[in-house]
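Visitor:
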Amino acid sequence: MSTWANIQMNENYDVVVIGAGGAGMSAALLAAKKGAKVLLVERTEYVGGTTAFSAGTTWIPATHHAASVGAQDDTKEAATAYLERVIGKDNFNLALIDAFLTAGPKAVKDIEEATAVRYRARPFHPDYQSEEKDSTLCGRALEPLAFDGRLLRDKFKLVRPPIPEFTVLGGMMVDRDDVGHLLNLTKYFASFKHSLKLLLRYGMDRLKYPRGTRLVMGNALIASLLYSLEQRKVPILLNTEMSHIIKENNEIIAIELVHQDEIKRINVNKALILASGGFNRNIERRKRLAEHSDISWCPGAPGHTAQAHKIAETLGAVYGKTQNATNCFWAPVSIRQREDGSQAVFPHFILDRGKPSMITLNQRGERFVNESTSYHRFGLAQQQMDSIPSYLITDKNGLVKYGLGMVHPGGKNLEPFLKEGYLFKGESIEILAKQLGIEHTKATKTIQQFNQYVEKGIDEQFARGTTDYQRANGDPSHKPNPNLGALTQAPYYAVRLYPGDIGACTGFATNEYAQVLNSENQSINKLYAIGNDMHSIMAGTYPGPGITLGPGLTFAWIAVNHAV
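With our numbering applied, the sequence shown corresponds to residues 1 to 564, in that order.
1. So, with DSSP's three-state summary, where would you put Val454?
2. Straight-line CA distance for Ile263 to Leu151?
3. Can you check the stretch 496-562 for any beta strand (DSSP E) of at least 3 residues that lies completely inside it and give the ranges in chain order?
4. Please return the same chain residues whose Cβ sits closer than 6 Å to the Cβ of Ala529, not counting the five positions on each side in sequence.
5. Please state whether DSSP places Gln489 in a helix, a strand or coil.
6. Among Arg140, Ala31, Gly21, Arg120, which has the Cα closest to the Cα of Ala271?
7. With a CB to CB cut of under 7 Å and the five nearest residues on each side skipped, what residues in its chain are close to Ser2?
8. Using DSSP with H/G/I as helix, E/B as strand and the rest coil, what is Arg336?
9. Going along the chain, which residues of its own chain have a beta-carbon closer than 7 Å to the beta-carbon of Pro491, five neighbours each way excluded?
10. Please say whether Asp533 and Cys298 have beta carbons closer to each other than 8 Å?
11. Comparing C-alpha positions only, which one of Thr326, Glu371, Val117, Pro105 sits nearest to Ile87?
12. Just checking my contact of Ala52 with Val159 at CB under 8 Å: how many whole Å lie between their CB atoms?
13. Along the chain, where does the alpha helix (DSSP H) containing Pro126 start, and where does it finish?
14. If you draw a straight line from the C-alpha of Ile431 to the C-alpha of Gly411, how long is it?
15. When the distance is taken between beta carbons, is Met358 closer than 8 Å to Glu165?
16. Please report the residue range of the beta strand (DSSP E) in which Asn362 lies.
17. Check whether the stretch 132-150 touches the stretch 289-306, taking contact to mean three or more Cβ pairs, one atom from each stretch, closer than 8 Å.
18. Leaving out five residues on either side along the sequence, give the residues of the same chain with a beta carbon under 7 Å from the beta carbon of Leu185.
19. Pick from Pro356, Tyr391, Ala331: whose alpha carbon is nearest that of Phe378?
20. With distances taken from CA atoms, which of Cys328, Gln384, Ala95, His65 is nearest Ala539?
21. If you compare alpha carbons, which of Ala220, Ser390, Leu423, Asp74 is closest to Gly21?
22. Hey, out of Ile245, Tyr422, Glu460, whose CA is closest to Val16's CA?
23. Is DSSP giving Arg140 helix, strand or coil here?
24. Who are the Cβ neighbours of Gln489 in its own chain at under 6 Å, not counting the five residues just before and after it?
25. What separation, rounded to the nearest whole angstrom, lies between the Cα atoms of Thr541 and His376?
26. Out of Val47, Leu40, Lys456, Ala381, point me to the one whose CA is closest to Asn362's CA.
27. Determine the DSSP secondary structure at Glu11, reduced to helix, strand or coil.
28. Looking only at its chain, what residues have a beta carbon closer than 7 Å to the beta carbon of Asp175, apart from the 5 residues adjacent to it on each side?
29. Run through DSSP, which three-state label would Ile388 get?
30. Residue range of the beta strand (DSSP E) that Glu248 falls in?
31. Kindly indicate which three-state DSSP category Val234 falls into: helix, strand or coil?
32. By alpha-carbon positions, which one of Gly437, His535, Asn282 ends up nearest to Lys310?
33. Note down, in chain order, each residue of its chain lying with its Cβ closer than 6 Å to the Cβ of Glu45, except the 5 sequence neighbours on either side.
34. Taking buried to mean at least 16 other C-beta atoms within 10 Å of its own C-beta, is Asn249 buried or exposed?
35. In terms of residue numbering, what span does the alpha helix (DSSP H) encompassing His304 cover?
36. Count the C-beta pairs between the stretch 254-261 and the stretch 76-96 that are closer than 8 Å, then say yes if the count reaches three, no if not.
See below:
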């Protein structure tokens, strides 16, 4: 790790990367592996960006990991066909999709060889539109293995902490396997043993560290990358931003960096790679690109302000365009004020809304979406169906068994959530609906009708629980439909849901080498964009888990191999 004082005025670097999230850190490491002199610049006090908040899942088809879970149907050809169906022919960019699918497996191998990152494929991790032909049930989604944060020593504090509400006991990270064991620790000896090991490790950690050092999901990915950057002695500048790009003879030759009001010029020999996270925290750009969602609903990291975008646009860089597509990726979120005055924005990915005894109503007391659909489709439906806010409702049994947003399973210690107005409670659906300010007569009838669907085991309105993806996020012990359960046990509970943007899918137009394009579709020499700074190849769709990190890693690999 370098400090600002170690960086010399007019120092030469082969590759400068702007943004230390998953894509940017990967690009810096891959460039260093090829022998380039690299500088990584991050405008916040942490590395990790929104990747550190995420599950860290990386969607890349046909890697060597697919064979480990028997995914014989996971081929480049099948992935191409699947993406064309999901994205649609009008927005399907064959050149970029082919570049992604060709380079992706190579990128995974290279990143695992060059770094401490280790992936695994799960035996059952379906694509989000598993009803489509050429989707797969496993193999394409890769999860980072847990990482021991103690290996970072004093650099551990530089990893952006996870969303606190996604931890337990005030700082212990858990993945989906851990959650299953913790919920069953009194039922099975294996779960008790696993849980005891977690708790003992966490207890020891808290004697020395402000949070647990067993890192999982996105935190594990970021910590692994940081550890590897340290091993390769790649300089990282925190609290530093790019203020100017200098051109000569139509070519980028240098940039200016600012740290605590001091400016230094840095010469760029081969590549300036933008990986600053997208526009989501830029109020002005949101007015035209995310008009139906308030910035306070965004659960992303705070550094995604498009500050670097404004500078790149002075060179002629333009955003890409898609037909009739959203500019963001979405998830339903609930919001609560923390004790320290900060705002907790909790994305409802898979833990609650797809489970039995969960239903979502809008202000009119109507269902408007399949509650078990992907979080992106759910967030889109909120906007398209005039259902902001909407309300995730469950009964006593559902709350105890599955929790509700920031309320953990068990149904205990509810008073603070109720007092703050995060959680609502009513002895009947009518009473609860009146508290929520929704049409109570219609709400009562809707839930009565829903309960009738449950008796049949068939959701006649939205066909909930009929795809592999939906069933994967249900309760496998609940029969016959793992996603359908009646709401019959008072009291009833609800939280408000808003459509939160979890990432930008509109970004700079690029070619298949990740080179940024101008309005005439010509590449801007030495300028590359990856991650959410790059216009998403998914064109406003969300085909599977990790479709931001997968292309982020892959186009980092492509950009580096093109430039270095």
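In this text, a Cβ means the ideal position worked out from N, Cα and C, and glycines have one as well. Values in this document were obtained by computation on a predicted structure and should not be read as measured data.
Guide: Concretely, from the data shown:
1. The residue given as residue 454 occupies position 454 in the sequence shown. Judged by DSSP in its simplified three-state form, Val454 adopts helix.
2. Locating residue 263 in the sequence shown gives position 263, where the first residue counts as 1. Locating residue 151 in the sequence shown gives position 151, where the first residue counts as 1. Going from the Cα of Ile263 to the Cα of Leu151 covers about 33 Å.
3. Qualifying beta strand (DSSP E) stretches, in chain order: 515-517, 523-529.
4. Numbered from its first residue, the sequence shown carries residue 529 at position 529. Contacts found: Leu274, Phe508, Thr510, Val516.
5. The residue labelled residue 489 in the question sits at position 489 within the sequence shown. Three-state result, Gln489: coil.
6. On the sequence shown, position 271 is the one that residue 271 refers to. Of the candidates Arg140, Ala31, Gly21, Arg120, the one whose C-alpha sits nearest the C-alpha of Ala271 is Ala31.
7. Residue mapping note: residue 2 aligns to position 2 of the sequence shown, counting from 1. Beyond the five residues adjoining it in sequence on each side, Ser2 comes within less than 7 Å, by CB distance, of Pro235, Ile236, Leu237 in the same chain, given in chain order.
8. Stepping through the sequence shown from its first residue, residue 336 is reached at position 336. Three-state DSSP puts Arg336 in a strand.
9. The residue given as residue 491 occupies position 491 in the sequence shown. The residues are Lys396, Lys425, Gly426, Glu427.
10. As a first step, residue 298 is located in the sequence shown; it is residue number 298 there, counting from the start. As a first step, residue 533 is located in the sequence shown; it is residue number 533 there, counting from the start. The criterion of a C-beta distance shorter than 8 Å is not satisfied by Cys298 and Asp533.
11. As a working note, residue 87 is residue 87 in the sequence shown. Minimum Cα-Cα distance from Ile87 among the listed residues Thr326, Glu371, Val117, Pro105 corresponds to Thr326.
12. If you number the sequence shown from 1, residue 52 lands on position 52. If you number the sequence shown from 1, residue 159 lands on position 159. The pair is a contact, with the Cβ atoms about 6 Å apart (cut-off 8 Å).
13. Within the sequence shown, residue 126 is the residue found at index 126, counting from 1. Per DSSP, Pro126 belongs to no alpha helix (DSSP H) and is neither H nor E.
14. Here residue 431 refers to the residue found at position 431 when the sequence shown is read from its first residue. Here residue 411 refers to the residue found at position 411 when the sequence shown is read from its first residue. Cα to Cα, the separation comes out at about 20 Å.
15. Position 165 of the sequence shown holds residue 165. Position 358 of the sequence shown holds residue 358. Taking the C-beta atoms as reference points, Met358 is found no nearer than 8 Å to Glu165.
16. Position 362 of the sequence shown holds residue 362. Taken as a continuous stretch (DSSP letters only), Asn362 belongs to no beta strand (DSSP E), as it is neither H nor E.
17. No: the two stretches stay apart, fewer than three of their Cβ pairs being nearer than 8 Å.
18. Start at 1 with the first residue of the sequence shown, and residue 185 comes out as number 185. For Leu185, same chain residues with a beta-carbon under 7 Å away, outside a window of 5 residues either side, are Ser191, Phe192, Ser195 in chain order.
19. Counted from its first residue, the sequence shown places residue 378 at position 378. The shortest Cα separation from Phe378 among Pro356, Tyr391, Ala331 belongs to Ala331.
20. Start at 1 with the first residue of the sequence shown, and residue 539 comes out as number 539. Considering only alpha carbons, the answer is Cys328.
21. Taking the first residue of the sequence shown as position 1, residue 21 is located at position 21. It is Ala220.
22. The count along the sequence shown starts at 1 and reaches residue 16 at position 16. Its Cα nearest to that of Val16, the residue Ile245 stands out among Ile245, Tyr422, Glu460.
23. Numbered from 1 along the sequence shown, position 140 holds the residue referred to as residue 140. Correct three-state label for Arg140: coil.
24. Here residue 489 refers to the residue found at position 489 of the sequence shown. Taken in chain order, the residues that qualify are Asp395, Lys396, Asn397.
25. Within the sequence shown, residue 541 is the residue found at index 541, counting from 1. Within the sequence shown, residue 376 is the residue found at index 376, counting from 1. Taking the straight line from one Cα to the other gives about 8 Å.
26. Translated into positions along the sequence shown, residue 362 becomes position 362. The option with the nearest alpha carbon to Asn362 is Ala381.
27. Position 11 of the sequence shown, counting from 1, holds the residue named residue 11. Three-state DSSP puts Glu11 in a strand.
28. On the sequence shown, position 175 is the one that residue 175 refers to. The beta carbon of Asp175 sits closer than 7 Å to the beta carbons of Val216, Met217 from its chain, once the five residues preceding and following it are set aside; these are given in chain order.
29. Here residue 388 refers to the residue found at position 388 of the sequence shown. In the displayed model, Ile388 falls within coil according to three-state DSSP, outside both helix and strand.
30. Taking the sequence shown and counting its residues from 1, the one referred to as residue 248 is at position 248. For Glu248, the enclosing beta strand (DSSP E) covers residues 241-248.
31. Sequence index remark: in the sequence shown, residue 234 carries index 234 (1-based). If DSSP states are grouped into helix, strand and coil, Val234 belongs with coil.
32. Mapped onto the sequence shown, residue 310 falls at position 310. That would be Asn282, whose Cα lies nearest to the Cα of Lys310.
33. As a position in the sequence shown, residue 45 is number 45, starting the count at 1. Leu238, Asn239.
34. Start at 1 with the first residue of the sequence shown, and residue 249 comes out as number 249. It counts as exposed.
35. The residue given as residue 304 occupies position 304 in the sequence shown. Counting along the chain, His304 falls outside any alpha helix (DSSP H), and DSSP gives it neither H nor E.
36. Segments in contact, no.
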